[in-house]
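Everything in the sequence shown is counted per our numbering, starting at 1 for the first residue and increasing by one. Virtual Cβ for every residue (Gly too), placed ideally from N, Cα, C.
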Amino acid sequence: MASQQQQQQQQQQQQTMEVDPISKFKLLVPHLKESLVNLMRIAGQNLVHNAAIDNQLKSGDNPSQRVDKNLEEFYSTLDQIELNLRLAQECLTQHQESVRHAPLQVPIMSKPETSGDGQTMPYGQFLGLARSQVTCAKEIHDALVRCADDLGGKR
């Protein structure tokens, strides 16, 4: 029974890591370092090879590895890191906005632990808060539309 709980906890942690952009970033950094090392190594080999051709020590045969493929791999990894960092930044911004507009947190059903600190609201209360925010947004939208119509009609 205890081993089943441990397996479930490990699966939950793995699922969290799969969707967590910071975890993905941390996993990609060593790959980026390795890609950069490979790129520099192959670029150095090509430089030595080209220098030998320039000095007429070697014939013009092609080197075995190409810089452009390694450069593409490096940029691909770099793009993945950039996307994960942008996603993490967007998640942080969304969380900050959520805290500002709904200061009490809604408990997440996937988390088994509950805190009795009074800082969470029941789901029904959250729905009421969400409905009031939607109503407020509609009222603001309608007021802006009326204002735009009034300004358009005066011209």
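Determine whether the beta carbon atoms of residue i and residue j lie at a separation below 8 Å.
i: T77; j: L32; result: yes
i: P30; j: A88; result: no
i: A102; j: L129; result: yes
Quick one: Cα of residue i to Cα of residue j, how far?
i: Y75; j: S59; result: 31 Å
i: F132; j: Q125; result: According to the sequence provided, residue 132 is Ser. The question's Phe does not apply to it. Looking at the two C-alpha atoms, the distance is approximately 11 Å.
i: D79; j: G153; result: 49 Å
i: V19; j: D142; result: 38 Å
i: R66; j: C91; result: 38 Å
i: E113; j: E97; result: Any reading at E113 is ruled out, since the residue's pLDDT is 49, under 50, leaving its predicted position unreliable.
i: N50; j: Q7; result: 55 Å
i: D150; j: H95; result: 37 Å
i: Y123; j: V37; result: 51 Å
i: K111; j: M121; result: Residue placement at K111 cannot be trusted, given a pLDDT of 47 that sits under 50; what the coordinates show is reported in the next sentence. Distance between the alpha carbons of K111 and M121 is about 15 Å.
i: R100; j: K138; result: 19 Å
In or out: residue i buried (at least 16 other Cβ within 10 Å) or exposed?
i: K24; result: buried
i: I81; result: buried
i: N84; result: buried
i: S35; result: buried
(request) Taking 8 Å as the threshold, find out whether the region 25-44 comes into contact with the region 67-87 through three or more Cβ pairs. (result) Enough Cβ pairs lie closer than 8 Å, so yes.
(request) Only counting runs of 4 or more residues, tell me where the alpha helix (DSSP H) segments fall wholly within the region 20-69, in order along the chain. (result) 21-54
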